[in-house]
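In my numbering, the protein residues as written are 652 to 789. Cβ atoms here follow ideal geometry from the backbone N, Cα and C, with glycine treated the same way. Note sheet for the following structure.
As structure tokens, this is what we get:
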């Protein structure tokens, strides 16, 4: 049996999973969130975008330079990596790979493996140097 407002009568209605009590249901024609989202409120991505695109002034050998916060952070990471921090080098290379995934035609995997004997010697020396540094740290 149905009332005029299309609700089942309380006696015939069983409360359970997926069947909330009648008095707690939303009224027909009324929003469950009457105030809604406040106009002009910011979400996290908007805040990050604004903060990272903000311009700051950096001191450079050529004088002050205005750059975005994001560019300044990338430059700082590059500077730390160039000082020899292996962790910074690793992170910088990973981030670069993600940001710039395409290899230029001159660096395709086929041509990148054409090493000379001198190249192999340099790589062996570099590997030995890195292993020596890692051995000292641990």
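Tell me which same chain residues have a C-beta within less than 6 Å of the C-beta of residue 672, skipping the five on either side of it?
Taking residue 672 as the centre and dropping the five residues before and after it, the same chain places the C-beta of 666 closer than 6 Å to its C-beta, in chain order.
Would you list, in sequence order, the uninterrupted alpha helix (DSSP H) runs of no fewer than 4 residues that lie entirely inside the stretch 694-725?
List check, alpha helix (DSSP H) in window: 695-704.
Let me make sure I understand the geometry here. Which of 682, 689, 704 has the alpha-carbon closest to that of residue 696?
Checking every option, the nearest Cα to that of residue 696 belongs to 704.
Distance, Cα to Cα, residue 745 vs residue 722?
C-alpha separation (whole angstroms): 17 Å.
Can residue 702 and residue 720 be called in contact, C-beta distance under 9 Å?
Against a cut-off of 9 Å, the Cβ pair of residue 720 and residue 702 comes out as a contact.
For residue 742, the first and last residue of its enclosing alpha helix (DSSP H)
According to the DSSP assignment, residue 742 belongs to the alpha helix (DSSP H) that extends over 737-750.
If you reduce the DSSP assignment to three classes, tell me which class residue 789 lands in.
Low confidence applies here, because residue 789 scores a pLDDT of 48, under 50, leaving its location unreliable; read the following figure in that light. DSSP places residue 789 in coil when its eight states are reduced to three.
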